[in-house]
């Protein structure tokens, strides 16, 4: 019986302080008028995760479509 539930990894969110939000907004405002040529000079990086063995111990949650950003389904991410 299909109830619309899907097994997914929890959405990871970072805990931002009010100061973090202010700094991100300031940065966005300072860069919103950049040209394509200016953005081409930015070095973008991607983070990838590779597993040697399939078992990674990650938590999974069951959720309906559209429930991705419900706080009860978050997995908090802490960085220094």
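Residue numbers (our numbering): 1 to 80. Glycine is no exception: its CB is placed at the ideal position from the N, C-alpha and C atoms.
Could you spell out the range, first to last residue, of the alpha helix (DSSP H) harbouring residue i?
i, result
"residue 15", "Careful: residue 15 lies outside any alpha helix (DSSP H) and carries neither H nor E."
"residue 39", "36-40"
Check this for me: beta carbons of residue i and residue j, under 9 Å apart or not?
i, j, result
"residue 16", "residue 29", "no"
Looking at the ligand SAH, does it come within less than 8 Å of residue i, judged from the CB to the closest heavy atom?
i, result
"residue 33", "No copy of the ligand SAH appears in this structure; indeed no ligand is present at all."
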